[in-house]
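J.: Our numbering numbers the first residue of the sequence shown as 258 and each following residue consecutively.
For glycine and all other residues, C-beta sits at the position ideal for the given N, C-alpha and C.
Remember, predicted model here, so these are calculated numbers, not experimental data.
Have a look at this one before I ask anything.
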Amino acid sequence: MYDHGPMTGRGPVVSIARMPVPPSRTPHARAFLPPVLRRWGRLPSGAWAALAWCAGTAFAFLSRVRLPGEAEPTVHPGVYLYRWDGLTVMALATAATLAGAGLLRRRPPVALALMLAGAVIASTALSVAEIPLAQFLAVDVALYAIAATRPRRTGIAATGTALGVLAGYLAVRLSSGWSVGTSAELSVALTAVVAWLLGDAARQSREHADRVRAQAAEQAITAERLRIARELHDMVAHSIGIVALQAGAASRVIETRPADAREALAAIETSGRETLSGLRRMMGALRQSEPGSGAPRVPLPGPGLGPGGLGLADVGRLAAATTAAGVRVDVEWRGEPGPLPPEIDRSAYRIVQEAVTNVVRHAGAGSCRVTVGRAPDGLSIEVTDDGAGRPGEAGGTGWGLTGMRERVRLLDGEFAAGPRPGGGFRVAARLPVRAGAR
């Protein structure tokens, strides 16, 4: 027999905890930035809008000053830019923009209106024929933030408002007979559209990530429910089958052989107590996993062996219990014994247990044979009987066959079940084992 560790008489332990969604393995682009830049990236959108306005204002003044190496300023200043009235207008524009930056997170429409007003007011002091791009940078930041954090219709409305203000500004100047910078204003409008596109792309990316996390959580919950269902089926179905056989045997010999009847009743009591103990442990684990229960969460052992779990080392005890109940189980071991990975060990035992349970419940056979073969690249299991077969499960419609098939599929193995040509039923599974796995 294989050396799979000491046998235990404990029933299967199933524990469940709320399964966390595994984080994405793809590194975020921010992870490649230096720590200083990562701290700057955590600034709120209102702060970025304020910084954009300050940078644009500084650029507007610098471009109107003759810097070292220049014969004349890049842009000639307006008549009253440096007078008290021009500076007052720039101060009002700055106050409106900074107020909008402070309201950007709580009240985006109001914030956008204030920033657009600041851009328009600043253009009067600068004496330009259009709203300069430097004074529109804060609006671009606001458009990005709105498109990234609000519904799409809100982002479209904000972008339409910004473009409408640019068009209205040109229309007012044309109606007043003043010159306009149409080509420059088109460039500013293009930056507004680009800002909305980038924000909308960020929103879609975030929504996609949320959907992926929700789907992963739903799949994790579904997988855990299926695992619990398999554990319940394997534990209860086998115990109830043994109880039914022992009860039938006791009823037949209770008058003629009271000692045998008492032995059968004792076996029923033992099987019932073990099953009830396993169910209590399972219910306790489920209650501890409920949010707000105040109890520590039970770690999820996964598909492998948990504390008190069963493996191929317990096949002998399973065969003895089933034989004592009236259906002889012959176990044959082939190949070189050796340790197995926990998930293979436990799944192999569950497959044998469920196949033997089906023999007891459905085959009407007096015996069955279990063959376990170990090869360098995998483990093979075969359970055969010479009974009447399982007409309801040959096509794989029974829960027992479904559970076995799911276990094998999760381990990338092969599974087959069906009537034998000469009569009876056959269940066969092959579980691959990676070289060096333990």
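1. To the nearest angstrom, how far is it from the Cα of serine 604 to the Cα of valine 500?
2. On the three-state DSSP scale, how would you describe proline 366?
3. Do alanine 612 and valine 221 come within 9 Å of each other at the CB atom, strictly closer than that value?
4. Determine the direct distance from the alpha carbon of valine 445 to that of valine 396, and round the result to whole angstroms.
5. Report buried or exposed for aspartate 239, applying the criterion of at least 16 other Cβ atoms within 10 angstroms of its Cβ.
6. At which residues does the beta strand (DSSP E) containing valine 429 begin and terminate?
7. Rounded to whole angstroms, what is the Cα-Cα separation between alanine 356 and arginine 460?
8. When you compare only the Cα positions, how much space is there between valine 616 and serine 462?
9. For glycine 630, I'd like the list of residues in its chain whose CB is within less than 6 Å of its CB, leaving aside the five on either flank, ordered along the chain.
10. State yes or no: is the C-beta of leucine 400 within less than 9 Å of the C-beta of glycine 456?
11. Tell me whether proline 330 sits in a helix, a strand or coil according to DSSP, three-state version.
12. Taking the Cβ atom as the reference point for each residue, do alanine 382 and tyrosine 337 lie within a distance shorter than 9 Å?
13. With DSSP collapsed to three states, give me the class of leucine 390.
14. Shortest alpha-carbon distance to glycine 623 belongs to which of Ala581, Val609 and Leu658?
15. Assuming alanine 350 and isoleucine 378 form a contact by the criterion Cβ under 8 Å, report the distance between their Cβ atoms to the nearest whole angstrom.
16. Taking its Cβ as the centre, do 16 or more other Cβ atoms sit within 10 Å of alanine 328, making it buried, or is it exposed?
17. Based on Cα-Cα distance, which residue from Arg362, Leu394 and Thr354 lies nearest to methionine 375?
18. Between the Cα of leucine 569 and those of Leu447, Gly595 and Glu526, spot the shortest distance and give me the residue it belongs to.
19. Measuring straight from C-alpha to C-alpha, what distance separates glycine 412 and threonine 479?
20. Going by CA-CA distance only, name the one from Pro301, Met372, Pro334 and Leu394 that's closest to arginine 362.
21. Hey, which unbroken runs of the alpha helix (DSSP H) at 4 residues or more fall wholly within the region 491-527?
22. Grouping DSSP H, G and I as helix and E and B as strand, with all else coil, what is arginine 691?
23. Using C-beta distances below 6 Å, list every residue in its chain close to isoleucine 507, excluding the 5 sequence neighbours before and after it, in chain order.
24. Is DSSP giving alanine 645 helix, strand or coil here?
25. Can you name the start and end residues of the beta strand (DSSP E) that aspartate 669 belongs to?
26. Between Ala315, Pro598 and Val609, which has its C-alpha nearest arginine 574's C-alpha?
27. What do you reckon, are the CB atoms on phenylalanine 393 and threonine 331 nearer than 9 Å?
28. Answer yes or no: do serine 384 and tyrosine 426 have a C-beta to C-beta separation smaller than 9 Å?
29. Does aspartate 634 come out as helix, strand or coil in the three-state DSSP assignment?
30. Secondary structure at glycine 592, three-state DSSP: helix, strand or coil?
31. Taking the alpha helix (DSSP H) that tyrosine 606 belongs to, which residues open and close that run?
32. Compare the C-alpha of arginine 683 against each of Val690, Gln503 and Gly675 and name the closest.
33. Leaving aside the five residues before and after leucine 390 along the sequence, list all residues of the same chain whose C-beta is less than 6 Å from its C-beta, in chain order.
34. Within 10 angstroms of the Cβ of threonine 345, are there 16 or more other Cβ atoms? Answer buried if so, exposed if not.
35. Could you give the DSSP three-state label for alanine 570: helix, strand or coil?
36. Is it right to say glutamate 639 is buried, meaning 16 or more other beta carbons lie within 10 angstroms of its own, or is it exposed?
T.: Answer, in terms of the structure:
1. 24 Å
2. helix
3. Nothing can be reported for residue 221, as the shown portion of the chain is limited to 258 through 695.
4. 10 Å
5. Residue numbering for the chain in the displayed model covers 258 to 695; residue 239 lies beyond these limits and cannot be assessed.
6. No beta strand (DSSP E) contains valine 429, which is instead part of the alpha helix (DSSP H) from 409-432.
7. 25 Å
8. 53 Å
9. Arg591, Gly592 and Ser637
10. yes
11. coil
12. yes
13. coil
14. Ala581
15. 4 Å
16. exposed
17. Looking at the sequence itself, residue 375 is glycine, so the reference to methionine does not match. Nearest of Arg362, Leu394 and Thr354 to glycine 375, Cα basis: Thr354.
18. Gly595
19. 37 Å
20. Pro301
21. none
22. coil
23. It is alanine, not isoleucine, that sits at residue 507 in the sequence shown. Excluding sequence neighbours, alanine 507 sits near Ala518, Ala521 and Leu522.
24. coil
25. No beta strand (DSSP E) contains aspartate 669, which DSSP labels as neither H nor E.
26. Val609
27. no
28. no
29. coil
30. strand
31. 599-615
32. Gly675
33. Val445
34. exposed
35. helix
36. buried
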